[in-house]
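Participant: Submitted below is the structure of interest, expressed as structure tokens.
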Amino acid sequence: MAREFRVRREQVLPATPEQVWNAVATGEGNLGWLYPMDVEPRVGGAVSRGQATVVEWEPPRRFACRTADQGGFSNTLDYAVEAHGDSAARLSMGVHWVHTGAVDDGWDTRADAAEKHIDFYQHSLAEYLRHFAGRRAAYVTATRPDPAVPGALGAVRDRLGLSGTAGAGDTVKVTLPARPGAPVEAVVDFLDADFLGLRTADALYRFYDGSAWNWPVWLGHHLFAPDADAGVESVTRAWDTWLAEVAP
């Protein structure tokens with residue numbers, strides 16, 4: 337019997353349908369809020385997301401891609417965009433897994449992690465469109481390879497300089513390893529037990545605590561400064577070193 341997992345989210349976004357489309361259906365747009373995911377713009381085109389293939393392509397309204405393996409597993413990501421008033425768009429996005437073969441013991445763990453990560457990514461999409469739409473992004477990622485222990489995100493917060501009382505919506509000063517000198521002003525745009533999001537004037541900083549799923553602590557940052565591309569390698573090294581020192 338096939339086993340399935342579905343997630344669907346809808347949100348009204350502060351952008352035109354064309355801006356939303358560019359954010360979700362182009363490689364340059366995905367760098368601003370998700371992760372590197374290049375899209376060949378046609379049905380049958382390649383998508384650099386688990387060797388996926390475009391299965392729907394109707395710009396600027398519908399985009400879907402699917403990946404499948406020989407073990408009977410498929411993963412479909414789909415987006416539907418429509419106008420919502422004069423200056424906003426409604427986005428419906430979904431993830432659909434189907435497994436027709438034997439499901440391993442990690443299915444429930446991956447499903448729980450996927451649902452929570454999707455919520456954080458969708459929040460980041462809104463932040464990108466509200467504050468950085470159309471700006472070119474450089475993407476930085478770093479991972480501490482060992483599985484995180486409970487409390488890892490607290491250690492990350494402490495090293496950044498966030499007080500224990502800081503919450504979502506607060507403006508704070510944070511110390512960033514790739515930006516030596518005075519602390520940087522940031523807004524805590526997302527905070528829960530598993531994720532931390534910070535927004536500065538020229539970046540979205542995203543921190544992921546994998547301890548709930550026996551995964552590592554890692555980060556994915558979206559940098560919008562004009563010269564960000566030139567410094568990706570040095571910034572990545574700085575964050576790699578920082579995570580190795582900080583995350584328990």
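In our numbering, each residue's number is its place in the sequence shown (first place is 1) plus 336. For every residue, glycine included, the Cβ atom is placed at its ideal position computed from N, Cα and C. Being a predicted model, the structure only gives us computed values, none of them experimental.
What are the partner residues of tryptophan 420, as DSSP defines its beta bridges?
Facilitator: Translated into the one-based positions of the sequence shown, residue 420 becomes position 84. Position check: residue 420 holds histidine in this sequence, whereas tryptophan was assumed. According to DSSP, histidine 420 bridges with nothing at all.
Participant: Can you tell me which of the three DSSP states glutamine 347 falls into?
Facilitator: Here residue 347 refers to the residue found at position 11 of the sequence shown. Reduced to three states, the DSSP call for glutamine 347 is strand.
Participant: Within this structure, are the beta carbons of valine 390 and cysteine 401 separated by less than 8 Å?
Facilitator: As a working note, residue 390 is residue 54 in the sequence shown. As a working note, residue 401 is residue 65 in the sequence shown. Yes, these two residues count as a Cβ contact at 8 Å.
Participant: Can alanine 504 and aspartate 545 be called in contact, C-beta distance under 8 Å?
Facilitator: Against the sequence shown, residue 504 aligns to sequence position 168. Against the sequence shown, residue 545 aligns to sequence position 209. Contact: no.
Participant: Over the uninterrupted alpha helix (DSSP H) stretch that includes arginine 573, give me the two end residues.
Facilitator: Sequence index remark: in the sequence shown, residue 573 carries index 237 (1-based). Its alpha helix (DSSP H) spans residues 568-582.
Participant: Closest to valine 320 by C-alpha separation, out of Ala488, Glu346, Tyr457, would be which residue?
Facilitator: Because the chain here runs from 337 to 584, residue 320 falls outside it and cannot be looked at.
Participant: Would you call the stretch 460-471 and the stretch 431-438 in contact, with 3 or more CB pairs under 8 Å?
Facilitator: Too few Cβ pairs lie closer than 8 Å, so no.
Participant: Per DSSP, leucine 540 forms a beta bridge with which residues?
Facilitator: As a working note, residue 540 is residue 204 in the sequence shown. Looking at the DSSP assignment, leucine 540 forms a beta bridge with Arg535, His558.
Participant: In whole angstroms, what is the alpha-carbon distance linking arginine 493 and glycine 380?
Facilitator: Along the sequence shown, one-based indexing puts residue 493 at 157. Along the sequence shown, one-based indexing puts residue 380 at 44. Their backbone Cα atoms lie some 43 Å apart in a straight line.
Participant: Taking the CB atoms as reference points, tell me whether histidine 557 and tryptophan 369 lie closer together than 8 Å.
Facilitator: Taking the first residue of the sequence shown as 1, we reach residue 557 at position 221. Taking the first residue of the sequence shown as 1, we reach residue 369 at position 33. It is not a contact, given that the beta carbons lie outside the stated cut-off.
Participant: Considering only residues of the stretch 443-507, which uninterrupted beta strand (DSSP E) runs meet the minimum length of 3 residues and lie entirely inside it, listed in chain order?
Facilitator: Fully enclosed beta strand (DSSP E) runs of 3 or longer: 474-479.
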